[in-house]
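Heads up, the thing below is written out as structure tokens.
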Amino acid sequence: MNLPKVIADLVTAQNQFDSLAYANCFSETAVVFDEGKTHTGRRVIQEWIDESNKKYKSVMKPLSITQEGKTSVLSAECSGTFDGSPIILKFHFDIKDGLIQTLKVTS
0 MNLPKVIADL
10 VTAQNQFDSL
20 AYANCFSETA
30 VVFDEGKTHT
40 GRRVIQEWID
50 ESNKKYKSVM
60 KPLSITQEGK
70 TSVLSAECSG
80 TFDGSPIILK
90 FHFDIKDGLI
100 QTLKVTS
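According to numbering that gives the first Met the number 0, the residues represented by the sequence shown are 0 to 106, in order.
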């Protein structure tokens with residue numbers, strides 16, 4: 000599957016539980032929307048993904064990627080230490096200058 004570089008880097012970072020590499024895929028002012036919460040800024044995103052990695056130990060297996068206007072939508076099978084694992088989630092990325100500006104995670 001031919002993923003945009005920053006999305007491929009994010010998947011790799013997630014699967015290696017590397018919260019710093021994951022956060023570095025985002026701009027300094029990026030925003031993440033996940034589980035009803037908003038996380039703003041690269042430092043906050045790094046803290047959020049670090050907590051999530053410790054809690055869920057979730058890995059991603061990309062299934063498909065589509066383009067919806069300016070948004071790249073990655074469907075991925077996510078498995079980890081949470082009820083219902085594995086599940087398929089959609090990751091809606093807005094990317095500018097090679098960095099993620101916004102990410103919204105939906106089911």
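Cβ coordinates follow ideal geometry from the N, Cα and C atoms, glycine included.
(message) On the criterion of 16 or more Cβ atoms from any shown chain inside 10 Å, does L19 qualify as buried, or is it exposed?
(response) exposed
(request) Provide the residue(s) that pair with E67 in DSSP beta bridges, ordered along the chain. (result) T70
(request) On the DSSP bridge assignment, give the partners of A75 in chain order. (result) P61 and L88
(request) Give a yes or no on contact between the segment 70–84 and the segment 31–46, applying the rule of three or more CB pairs nearer than 8 Å. (result) No, the segment 70–84 does not touch the segment 31–46.
(request) Could you spell out where the beta strand (DSSP E) holding E27 opens and where it closes? (result) Counting along the chain, E27 sits inside the beta strand (DSSP E) bounded by residues F25 to D33.
(request) Would you tell me roughly how many angstroms separate the C-alpha atoms of P85 and V31, rounded to the nearest one? (result) As the crow flies, the alpha-carbon of P85 is around 22 Å from that of V31.
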